[in-house]
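Structure record follows, encoded as structure tokens.
Protein chains: 2
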Amino acid sequence: MGDDLGDGAASGLPPVLELAWGLRERPTKGPKRGLTLDRIVQAAVTVARAEGMPAVSMGRVAKELGSSPMSLYRYVSTKDDLLTLMLDTAYGQPDPPPAEPGGWRAELAHWASGQRIALYANPWALHIPLSGPPATPNQIVWLEAGLAALRDTWLSEQQKLSTILLISGFVRNEALLSTDIMAAAERAGITADEAMGSYSTALARLIDPRRFPSVYAALTSGALDDDDGLEGEFGFGLERILDGIAVLIDTRSH
Amino acid sequence: MGDDLGDGAASGLPPVLELAWGLRERPTKGPKRGLTLDRIVQAAVTVARAEGMPAVSMGRVAKELGSSPMSLYRYVSTKDDLLTLMLDTAYGQPDPPPAEPGGWRAELAHWASGQRIALYANPWALHIPLSGPPATPNQIVWLEAGLAALRDTWLSEQQKLSTILLISGFVRNEALLSTDIMAAAERAGITADEAMGSYSTALARLIDPRRFPSVYAALTSGALDDDDGLEGEFGFGLERILDGIAVLIDTRSH
DNA sequence: GGGAATCTGCGTATGCTTTACGCAGATTTG
DNA sequence: CAAATCTGCGTAAAGCATACGCAGATTCCC
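Protein sequence lines correspond, in order, to chains A and B.
The first sequence lines up with residues 694 to 947 when you count with my numbering.
The second sequence lines up with residues 694 to 947 when you count with my numbering.
Now the structure itself:
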């Protein structure tokens with residue numbers, strides 16, 4: 694007994710969260726540990742960055758560390774745990790908001806851009822299936838920053854939470870779509886804009902204008918091969934959401 | 694040669710799309726085929742519904758059909774193709790919009806609810822990693838319906854597309870989070886509301902109120918154990934987004 | 001100091017997974 | 001009636017997560 698990573702602190706939290714928050718104190722007996730959780734996660738991130746998420750296997754990560762697959766299970770009880778930890782490091786910590794006060798709107802826009810930058814810098818993280826609401830340390834730091842941006846509004850706590858969840862979901866979605874397209878384009882040896890263009894022309898040839906008049910109109914309007922294709926998508930969505938929040942806040946405030 | 698599913702129509706489309714749209718005409722030689730693509734996809738959906746997405750393997754699907762794993766590769770060139778096809782059937786076709794005219798807003802709300810219903814009815818589909826912009830038949834039908842809802846607005850084609858992408862991304866995100874929480878709760882033998890409650894209390898105990906004052910305030914405000922937890926999240930996000938679109942449309946229209 | 005306790009890394013093994021290759025038989029074309 | 005061409009599918013390769021248990025290291029307690 695004793696060689697499992699089941700709960701030990703009885704905190705009511707999933708084991709991986711106790712790991713992530715460093716709650717699990719190690720007993721003093723036994724040999725020194727040869728690895729650390731951090732090093733394992735770091736190695737996994739290295740593999741993901743260099744060879745993509747599908748290459749991240751326990752064996753591959755162990756090799757990166759000069760260790761053996763089963764050793765990792767002394768630190769992590771499941772591969773999913775490792776993925777959760779990787780996701781947390783991908784987000785990292787948010788930049789502090791700009792010094793000059795811009796109100797909740799500027800602050801949230803800054804926050805969203807920061808998340809987008811983090812995800813673009815770690816596109817592999819978008820291929821980690823998320824399992825449950827945010828709860829790892831960096832995710833909480835981000836959540837804190839997001840909620841803080843709404844501190845001067847009259848929104849209820851629930852509304853603030855929903856707002857932050859809405860925005861971060863949007864950022865994640867947009868980043869996933871964009872980086873996927875860019876990756877597919879790179880595989881085909883073209884630029885992302887070219888990929889969008891050929892996507893739309895191929896689709897336009899495929900569909901029946903009578904059955905899908907609106908889609909046909911959209912595709913042939915050249916909407917998709919505009920300059921600011923991918924970048925513009927983010928800006929558009931974010932502005933729309935912020936406008937929607939603004940409506941709510943302005944209604945509430947008097 | 695000839696026993697591959699590489700492109701044959703030279704349409705410039707990925708092979709799986711030619712399959713989905715039924716473009717690939719079969720030659721007349723050789724023995725009759727024992728299966729159809731539809732039956733395979735249907736069998737895969739059956740497995741996913743009954744045993745979850747992780748159970749969907751080529752072997753398991755083949756067994757469902759009384760066939761052998763390798764036979765499926767005569768119909769599908771990769772497991773990912775099968776997943777793409779499964780996703781398409783999960784979405785199905787949208788209901789027609791309600792007869793009485795409610796304007797773009799009511800129509801889009803109806804559209805979003807329809808997508809949510811489809812996803813809630815097929816939660817396994819949320820665990821299919823999406824690869825690229827929508828392009829399969831049912832996805833295009835949905836896209837057509839969404840764009841059509843905006844027919845009377847002054848939005849540019851690009852803005853219409855962005856709007857629809859924004860909303861369907863939101864619906865997908867919300868459905869994923871909700872069904873994940875419900876599934877986790879069911880595994881633990883409690884209700885989703887109880888799960889949210891214990892999540893928030895556990896987290897509230899975990900975090901330092903001084904480092905995360907806003908998160909702490911949100912968690913202890915009881916925002917998360919409200920009645921309309923999951924349902925309310927969808928309504929909130931959708932209203933915010935629609936409000937944001939309305940701002941854009943109203944600004945444009947004069 | 002000397003067990004006893006307890007931890008460590010990790011070898012081995014199980015039962016999965018996708019899918020490349022090629023063969024035997026069915027069917028249609030000339 | 002051959003030649004061509006397709007069919008289902010057996011076999012096998014390569015890889016995956018991870019359960020189990022062992023040998024050795026370290027520390028605690030007497």
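For every residue, glycine included, the Cβ atom is placed at its ideal position computed from N, Cα and C.
With 9 Å as the threshold, decide whether the Cβ of residue i is near any Cβ in chain A.
i	result
Asp873(B)	yes
Tyr813(B)	no
Tyr784(B)	no
Ser914(B)	yes
Ser770(B)	no
Ala802(B)	no
Ala911(B)	yes
Ala737(B)	no
Gly701(B)	With a pLDDT of 46 at Gly701(B), under the threshold of 50, the modelled position of that residue is not reliable, and the figure given next carries that caveat. Gly701(B) does not count as touching chain A.
Gly745(B)	no
Gly695(B)	Its pLDDT being 44, under 50, Gly695(B) is placed unreliably by the model, and the measurement read from it follows with that caveat. With 9 Å as the cut-off, Gly695(B) does not count as an interface residue toward chain A.
Ala877(B)	yes
Leu710(B)	yes
Pull up the distance between the alpha-carbon of residue i and that of residue j, whole angstroms please.
i	j	result
Gly951(B)	Phe863(B)	As displayed, chain B neither begins before 694 nor continues past 947, which places residue 951(B) out of reach and without an answer.
Gly715(B)	Lys756(B)	25 Å
Pro762(B)	Thr771(B)	12 Å
Leu706(A)	Gly727(B)	51 Å
Glu867(B)	Glu926(B)	8 Å
Ile874(B)	Ile883(B)	11 Å
Thr721(A)	Thr729(A)	15 Å
Trp847(B)	Ala939(B)	11 Å
Tyr784(A)	Leu812(A)	7 Å
Gln851(B)	Ser871(A)	16 Å
Arg880(B)	Arg880(A)	40 Å
Ile733(B)	Ser760(B)	10 Å
Pro708(A)	Glu887(B)	19 Å
Ala805(B)	Ser861(B)	7 Å
Ser914(B)	Ala802(B)	30 Å
Between residue i and chain B, is the shortest Cβ-Cβ distance under 9 Å, so that the two count as touching?
i	result
Thr856(A)	yes
Leu896(A)	yes
Ile900(A)	yes
Arg945(A)	no
Val734(A)	no
Tyr892(A)	yes
Gly715(A)	no
Gly795(A)	no
Leu730(A)	no
Gly759(A)	no
Gly930(A)	yes
Between which two residues does the alpha helix (DSSP H) containing residue i stretch?
i	result
Asn866(A)	Glu850 to Ala881
Pro906(A)	Pro906 to Thr913
Tyr813(B)	Gly796 to Ala814
Asp886(B)	Ala885 to Leu899
Met746(A)	Met746(A) -> no alpha helix (DSSP H), and no H or E assigned at all.
Gln832(A)	Pro830 to Ala842
Val769(B)	Unbroken run through Val769(B): none, as it is neither H nor E.
Glu711(A)	Pro708 to Ala713
Pro762(B)	Pro762 to Leu765
Whose C-alpha, out of the options, is nearest the C-alpha of residue i?
i	options	result
Leu712(A)	Gly727(A), Asp886(A), Asp774(A) and Gly795(A)	Asp774(A)
Leu931(A)	Arg798(A), Arg844(A) and Leu823(A)	Arg798(A)
Leu912(A)	Pro816(A), Arg933(A) and Thr894(A)	Thr894(A)
Arg898(A)	Gly839(B), Asn815(B) and Ala828(B)	Ala828(B)
Ile934(A)	Leu859(B), Met889(B) and Ala885(B)	Leu859(B)
Gly752(A)	Leu823(A), Ala737(A) and Ala878(A)	Ala737(A)
Arg767(A)	Gly723(A), Ala743(A) and Ile942(A)	Gly723(A)
Trp836(B)	Ala792(B), Ser806(B) and Leu854(B)	Per the sequence presented here, residue 836(B) reads as Leu, with Trp not at that position. When each option's Cα is compared against that of Leu836(B), the closest is Leu854(B).
Ala748(B)	Ala842(B), Ile821(B) and Leu923(B)	Ile821(B)
Applying a beta-carbon distance threshold of less than 7 Å, which residues of chain B neighbour residue i?
i	result
Arg933(A)	Leu859, Ile934, Gly937, Ile938 and Leu941
Ala841(A)	Ser907
Ala828(A)	Leu896
Output, in chain order, the set of chain A residues within a Cβ distance shorter than 8 Å of residue i.
i	result
Gln808(B)	None at all; the shortest Cβ gap to chain A is about 14 Å.
Glu926(B)	Ser855 and Leu858
What does residue i reach in chain A if we use C-beta pairs closer than 9 Å?
i	result
His820(B)	Pro822
Leu836(B)	Phe905, Ser907, Val908 and Ala911
For the ligand ZN, is there a heavy atom less than 8 Å away from the beta-carbon of residue i?
i	result
Gly925(B)	Annotation note on the ligand ZN: not contained in the displayed structure, which lists no ligands.
Chain B partners of residue i, CB-CB under 9 Å?
i	result
Ala748(A)	Per Cβ cutoff of 9 Å: no residues; Ala748(A) is ~15 Å from chain B at best.
Leu870(A)	Leu823, Gly825, Pro826, Leu858 and Gly862
Closer than 8 Å by beta-carbon distance: list the chain B residues that pair up with residue i, in chain order.
i	result
Ala844(A)	Reading off the sequence shown, one finds Arg at residue 844(A), where the question assumed Ala. Those are Ser907, listed as they occur along chain B.
Asn866(A)	Gly862, Phe863, Arg865 and Asn866
So with CB distances below 7 Å, who are the chain A contacts of residue i?
i	result
Ile883(B)	Near Ile883(B) there are no residues of chain A at all, since even the closest Cβ is about 12 Å away, more than 7 Å.
Leu706(B)	Ala895 and Leu899
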